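2 protein chains.
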Amino acid sequence: MALERLFTPGPTPIPERIRRVMSEPIIHHRTAEFTEIFREVSLGLQPLFGTKEDVLTLAASGTGGLEAALANCCRTGQTLVTVNAGKFGERWTDLGRAYRLDVAELTVPYGQVATPEQLASFLDAQPHTVQAVGLTHSETSTGALHDIAELARVARDRGTLVMVDAITSLGVHPIRMDEWGLDAVVSGSQKGLMLPPGLAFVALSEMGRRAMAHADLPRFYFDLAEAAKQLAKGTTPFTPAISLIIGLRESLAMLNEEGLEQVFARHARLAAACRDGVRSLGLPLFAPSPSNGVTAVGEITTPDPDLLVKSLRAKHGMRLAGGQGSMKGKIFRIGHMGAYTDQDVTDVLAALAEVMSELKIEGVR
Amino acid sequence: MALERLFTPGPTPIPERIRRVMSEPIIHHRTAEFTEIFREVSLGLQPLFGTKEDVLTLAASGTGGLEAALANCCRTGQTLVTVNAGKFGERWTDLGRAYRLDVAELTVPYGQVATPEQLASFLDAQPHTVQAVGLTHSETSTGALHDIAELARVARDRGTLVMVDAITSLGVHPIRMDEWGLDAVVSGSQKGLMLPPGLAFVALSEMGRRAMAHADLPRFYFDLAEAAKQLAKGTTPFTPAISLIIGLRESLAMLNEEGLEQVFARHARLAAACRDGVRSLGLPLFAPSPSNGVTAVGEITTPDPDLLVKSLRAKHGMRLAGGQGSMKGKIFRIGHMGAYTDQDVTDVLAALAEVMSELKIEGVR
Numbered sequence: 036m037a038l039e040r041l042f043t044p045g046p047t048p049i050p051e052r053i054r055r056v057m058s059e060p061i062i063h064h065r066t067a068e069f070t071e072i073f074r075e076v077s078l079g080l081q082p083l084f085g086t087k088e089d090v091l092t093l094a095a096s097g098t099g100g101l102e103a104a105l106a107n108c109c110r111t112g113q114t115l116v117t118v119n120a121g122k123f124g125e126r127w128t129d130l131g132r133a134y135r136l137d138v139a140e141l142t143v144p145y146g147q148v149a150t151p152e153q154l155a156s157f158l159d160a161q162p163h164t165v166q167a168v169g170l171t172h173s174e175t176s177t178g179a180l181h182d183i184a185e186l187a188r189v190a191r192d193r194g195t196l197v198m199v200d201a202i203t204s205l206g207v208h209p210i211r212m213d214e215w216g217l218d219a220v221v222s223g224s225q226k227g228l229m230l231p232p233g234l235a236f237v238a239l240s241e242m243g244r245r246a247m248a249h250a251d252l253p254r255f256y257f258d259l260a261e262a263a264k265q266l267a268k269g270t271t272p273f274t275p276a277i278s279l280i281i282g283l284r285e286s287l288a289m290l291n292e293e294g295l296e297q298v299f300a301r302h303a304r305l306a307a308a309c310r311d312g313v314r315s316l317g318l319p320l321f322a323p324s325p326s327n328g329v330t331a332v333g334e335i336t337t338p339d340p341d342l343l344v345k346s347l348r349a350k351h352g353m354r355l356a357g358g359q360g361s362m363k364g365k366i367f368r369i370g371h372m373g374a375y376t377d378q379d380v381t382d383v384l385a386a387l388a389e390v391m392s393e394l395k396i397e398g399v400r
Numbered sequence: 036m037a038l039e040r041l042f043t044p045g046p047t048p049i050p051e052r053i054r055r056v057m058s059e060p061i062i063h064h065r066t067a068e069f070t071e072i073f074r075e076v077s078l079g080l081q082p083l084f085g086t087k088e089d090v091l092t093l094a095a096s097g098t099g100g101l102e103a104a105l106a107n108c109c110r111t112g113q114t115l116v117t118v119n120a121g122k123f124g125e126r127w128t129d130l131g132r133a134y135r136l137d138v139a140e141l142t143v144p145y146g147q148v149a150t151p152e153q154l155a156s157f158l159d160a161q162p163h164t165v166q167a168v169g170l171t172h173s174e175t176s177t178g179a180l181h182d183i184a185e186l187a188r189v190a191r192d193r194g195t196l197v198m199v200d201a202i203t204s205l206g207v208h209p210i211r212m213d214e215w216g217l218d219a220v221v222s223g224s225q226k227g228l229m230l231p232p233g234l235a236f237v238a239l240s241e242m243g244r245r246a247m248a249h250a251d252l253p254r255f256y257f258d259l260a261e262a263a264k265q266l267a268k269g270t271t272p273f274t275p276a277i278s279l280i281i282g283l284r285e286s287l288a289m290l291n292e293e294g295l296e297q298v299f300a301r302h303a304r305l306a307a308a309c310r311d312g313v314r315s316l317g318l319p320l321f322a323p324s325p326s327n328g329v330t331a332v333g334e335i336t337t338p339d340p341d342l343l344v345k346s347l348r349a350k351h352g353m354r355l356a357g358g359q360g361s362m363k364g365k366i367f368r369i370g371h372m373g374a375y376t377d378q379d380v381t382d383v384l385a386a387l388a389e390v391m392s393e394l395k396i397e398g399v400r
């Protein structure tokens with residue numbers, strides 16, 4: 036296995052103590068021992084979501100969680116409004132269309148975020164009642180962070196359910212599901228939680244659960260009513276991803292030892308340092324409203340973002356991410372969500388400076 | 036973590052060399068390195084499925100794979116025939132109903148299997164064209180093994196697609212998907228493959244793919260056309276369960292080092308030894324047509340199956356499984372699929388004998 040340092044916005048590095056507990060002999064999932072662990076992690080996730088509601092754990096990657104939220108909150112023919120500010124906002128659109136909802140997509144340019152005013156106008160312009168809005172907290176493809184509290188207020192004022200993709204914000208930014216009035220919050224394991232991919236999490240509000248009782252889209256593996264029913268007994272409807280849940284317990288222990296406020300503060304500090312470093316190298320930041328989980332650099336043509344990414348890998352063993360979708364070849368992204376330290380950010384910036392110098396590239400500023 | 040010896044029909048013990056590779060630092064999934072691994076395991080699964088078709092790997096547990104097969108092979112309103120010989124046969128029924136198919140269920144008593152003649156009569160009695168039949172190779176809840184080759188022949192002769200749950204038979208019994216004319220074969224990671232749960236596998240025949248092109252049930256995370264398209268590029272539509280796929284490579288290496296024929300022969304030998312041992316203790320076997328993956332013992336009331344299971348755990352640190360569904364408290368099950376040796380079977384039988392003697396229980400024969 037190549038010993039590469041990951042600076043990708045997921046998967047993120049997995050601390051050794053998490054890898055160690057996951058490598059212990061597996062336990063059976065229909066046991067008192069597993070039930071205790073499953074109850075502990077389910078409760079342990081609540082402060083990260085900012086909720087007193089159940090956090091349901093599915094054996095799936097993040098998109099499975101998004102699909103579960105949508106399929107359990109909507110009915111055939113209803114209108115779904117999505118905010119597309121990048122590849123993952125677009126995923127709500129794709130999901131809604133796959134389930135044949137009437138999808139209205141508010142598109143903002145990559146790197147930007149939708150403002151509450153934009154969302155309000157867009158919602159007010161819809162000819163039909165809008166059942167739900169699909170939002171993205173931290174848009175991984177652009178490094179932009181939506182103001183979910185304000186967007187949710189706008190949607191709630193209009194009687195619309197609010198579904199939030201918090202896949203790359205959970206454990207990075209505070210999320211206050213209950214306070215902000217979010218109806219479905221979705222996340223995954225391989226980001227701020229420092230685990231391998233394979234777990235999706237979904238929490239539903241009371242309004243979300245009420246919608247679920249009337250939802251008619253077909254679902255079985257992603258039936259959240261059944262997941263909630265089984266969670267009440269400390270178990271899952273289908274075989275859970277046991278080893279990842281064992282790892283999750285360790286991940287939550289680490290986050291709690293550090294303290295959630297300190298975890299958020301560390302991410303804010305590292306992200307600010309990363310942005311400062313990028314700017315001091317003469318490179319532009321892509322997202323005016325940046326996420327603390329990933330810093331997107333660009334748009335640039337010189338230096339060629341893909342060449343930088345390639346050189347950092349070849350010369351420094353550091354893996355960064357290029358652009359996705361229409362941003363391919365125009366930006367690159369530095370992930371710093373999860374188990375990162377100040378030293379990691381210093382190292383990646385130093386390596387970036389060295390590569391730029393070796394390539395005789397000067398900043399574009 | 037309790038050091039318990041698992042004799043459960045999934046999860047099964049994970050060999051140390053698999054746990055070791057899964058505990059190495061994680062790699063990114065959009066890389067040449069991962070693509071090579073993903074191609075290798077996808078090809079490596081084919082001999083186990085007995086197919087030259089693509090084997091698609093999903094981040095989900097087995098039921099997710101069953102749902103994917105069904106949602107990609109069927110259209111709204113079509114008739115699905117299911118064979119319910121236990122809890123997992125019933126799952127096809129539940130899935131079909133969740134997707135609002137017209138489900139006709141052929142029920143046979145727990146422990147029994149459906150014969151080709153029964154299936155033929157049942158199919159011939161259907162008032163509408165039957166789109167697909169949902170079968171279970173090894174019925175985990177009863178330890179019974181269906182003759183899939185013969186059942187598939189009956190279905191194929193009637194122009195019906197054949198979907199097979201091979202979750203607890205893959206890597207235990209030979210499966211000849213292409214030769215038997217199976218249209219969808221589904222399996223999971225935590226059984227014969229000796230991995231943690233979290234991966235589902237689905238292979239589709241040409242007929243299955245043709246049905247998929249016309250299928251209209253909503254699906255996104257489980258869209259197998261997209262999975263096949265991405266597999267052709269060596270990747271996945273959504274973030275794969277990287278650590279489990281790394282483990283899968285090691286699992287396949289182990290199976291190939293032993294040789295698939297030897298793996299099947301070992302399972303046959305261990306299962307026969309287990310059945311002989313059970314009988315020699317005066318206990319009845321539950322399934323006249325037994326699976327080599329799990330041996331079900333019962334129905335019995337004296338000794339109380341749950342008391343036996345409890346005592347084996349308390350006194351010998353061995354975890355067996357009780358009955359499921361209507362067989363709760365009436366049977367117990369000894370799993371021997373995956374990384375088991377002759378010694379393991381000897382040990383569990385010796386422990387069973389000891390517990391029966393301590394409890395002053397004599398066999399029911």
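Order-wise, the sequence lines are chains A and B. Just so we're aligned, residue 36 is where the first sequence starts under my numbering, counting upward by one. Just so we're aligned, residue 36 is where the second sequence starts under my numbering, counting upward by one. Glycine included, every Cβ here is placed at the ideal spot set by N, Cα and C. Small disclaimer: the values here were computed from a predicted structure and weren't measured.
Reference residue i; option with closest CA among the options
i                 : options                                   : result
Met198 of chain B : B:Val207, B:Val221 and B:Glu214           : B:Val221
Lys264 of chain A : A:Pro82, A:Leu80 and A:Leu91              : A:Leu91
Ala184 of chain A : A:Ala149, A:Ala160, A:Gly178 and A:Ala356 : A:Ala149
His302 of chain A : A:Ile369, A:Pro340, A:Ile335 and A:Asp159 : A:Ile369
Ala190 of chain B : B:Thr117, B:Thr98 and B:Glu292            : B:Thr117
Lys345 of chain B : B:Phe367, B:Val237 and B:Leu305           : B:Phe367
Met353 of chain A : A:Lys365, A:Met362 and A:Leu387           : A:Leu387
Ser96 of chain A  : B:Ala276, B:Ala179 and B:Ile335           : B:Ala276
Residue i to residue j span [Cα, whole Å]
i                 : j                 : result
Ser326 of chain B : Gly216 of chain B : 21 Å
Leu205 of chain A : Arg132 of chain A : 26 Å
Gly328 of chain A : Leu343 of chain B : 52 Å
Asp52 of chain B  : Glu59 of chain B  : For the sequence presented, residue 52 of chain B should be read as Arg rather than Asp. C-alpha separation (whole angstroms): 11 Å.
Leu136 of chain A : Gly121 of chain A : 20 Å
Leu234 of chain A : Glu152 of chain B : 43 Å
Below-8 Å beta-carbon distance, residue i vs any chain A residue
i                 : result
Ile61 of chain B  : yes
Ala167 of chain B : no
Pro48 of chain B  : yes
Leu130 of chain B : yes
Arg400 of chain B : Caution applies to Arg400 of chain B, whose pLDDT of 44 falls short of 50 and renders its modelled position unreliable; the value that the coordinates give is listed next. So no, Arg400 of chain B is outside the interface.
Ile277 of chain B : yes
Ser77 of chain B  : no
Pro44 of chain B  : no
Tyr375 of chain B : no
Leu38 of chain B  : yes
Asp382 of chain B : no
Chain B contact for residue i (CB, 8 Å cutoff)
i                 : result
Glu102 of chain A : yes
Ala133 of chain A : yes
Arg188 of chain A : no
Chain-ordered neighbours of residue i on chain E, where CB pairs are closer than 7 Å
i                 : result
Phe273 of chain A : Looking for chain E here will not work: the only protein chains present are A and B.
Closer than 7 Å: residue i CB and nearest the ligand MN heavy atom
i                 : result
Ala263 of chain B : Only the bare structure without any ligand can be found here, which leaves the ligand MN out of the picture.
Simplified DSSP assignment, three categories, for residue i
i                 : result
Glu39 of chain A  : coil
Glu174 of chain B : strand
Asp200 of chain B : strand
Asn119 of chain A : strand
Gln113 of chain B : coil
Pro231 of chain A : coil
Thr274 of chain B : coil
Phe367 of chain B : strand
Glu88 of chain B  : coil
Asp129 of chain B : helix
Gly45 of chain A  : coil
First and last residue of the uninterrupted alpha helix (DSSP H) at residue i
i                 : result
Ala246 of chain B : Glu241 to His249
Glu102 of chain B : Gly97 to Cys108
Val380 of chain A : Asp377 to Glu393
Gly312 of chain A : Leu295 to Ser315
Asp339 of chain B : Taken as a continuous stretch (DSSP letters only), Asp339 of chain B belongs to no alpha helix (DSSP H), as it is neither H nor E.
N-terminal and C-terminal residue of the beta strand (DSSP E) that residue i is part of
i                 : result
Ser222 of chain B : Ala219 to Gly223
Gly333 of chain A : Val329 to Gly333
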